[in-house]
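Positions 497 to 598 (my numbering) are the ones given, in order, by the sequence shown. We put the beta carbon where it would ideally sit given N, CA and C, even for glycine. A short worksheet on the structure shown next.
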Amino acid sequence: MDIGFALDFLRRLAANNNTAWMQENRADYRRARDTFAALVTEVLRRATPGIPELAGLTPAQVMFRLHKNDRSQTDPSPISGAWARAWCPVAGTHRGRAISWL
Numbered sequence: 497m498d499i500g501f502a503l504d505f506l507r508r509l510a511a512n513n514n515t516a517w518m519q520e521n522r523a524d525y526r527r528a529r530d531t532f533a534a535l536v537t538e539v540l541r542r543a544t545p546g547i548p549e550l551a552g553l554t555p556a557q558v559m560f561r562l563h564k565n566d567r568s569q570t571d572p573s574p575i576s577g578a579w580a581r582a583w584c585p586v587a588g589t590h591r592g593r594a595i596s597w598l
């Protein structure tokens, strides 16, 4: 798991937050996203014994999109500068209250 690569990708994204750059760096995005998903998998595996409600959740259920779709924000950047994950006891990020963030 190359967390350094994922963090470097986010730094480069912060400096080039536009759709054209993202398209040019799609392969790096996928690699960085997969790295972060692996981290989330490990966190879920280690946290589940202490928080049984997390059992069965997958990274896809707790991942937030990197691309923004909130038109009400004043920041015009099309892409969020960070990955976020929220663990909710019921259905990951899709319902319920988050019990933890990463």
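Output the distance between the C-alpha atoms of residue 587 and residue 538, rounded to the nearest integer angstrom. The pLDDT assigned to residue 587 is 48, lower than 50, so where the model puts this residue is not dependable; a value taken from the coordinates is nonetheless given after this. Going by the C-alpha atoms only, they are around 18 angstroms apart.
Are there 16 or more other CB atoms within 10 angstroms of the CB of residue 502, so buried, or fewer, so exposed? Classification for residue 502: buried.
Can the beta-carbon of residue 559 be found less than 8 angstroms from the beta-carbon of residue 543? Between residue 559 and residue 543, the gap from beta carbon to beta carbon reaches 8 angstroms or more.
Whose C-beta lies closer than 7 angstroms to the C-beta of residue 531 among residues of the same chain, with five residues either side of it excluded? Contacts found: 497, 498, 499, 501, 502.
Of all the options 513, 562, 505, which has the alpha carbon lying nearest to the alpha carbon of residue 528? Of all alpha-carbon atoms in 513, 562, 505, the one lying nearest the alpha-carbon of residue 528 is that of 505.
Let's see if you can read the secondary structure: which residues bound the alpha helix (DSSP H) around residue 498? It is not in any alpha helix (DSSP H) - residue 498 carries neither H nor E in the DSSP assignment.
Do you know offhand how far residue 524's Cα is from residue 518's? Each residue's Cα considered, the two are about 9 angstroms apart.
Could you tell me the alpha carbon to alpha carbon distance between residue 511 and residue 557, rounded to whole angstroms? C-alpha separation (whole angstroms): 29 angstroms.
Could you give the distance in angstroms between the alpha-carbon of residue 521 and the alpha-carbon of residue 508? When rounded, the distance between both Cα atoms is 10 angstroms.
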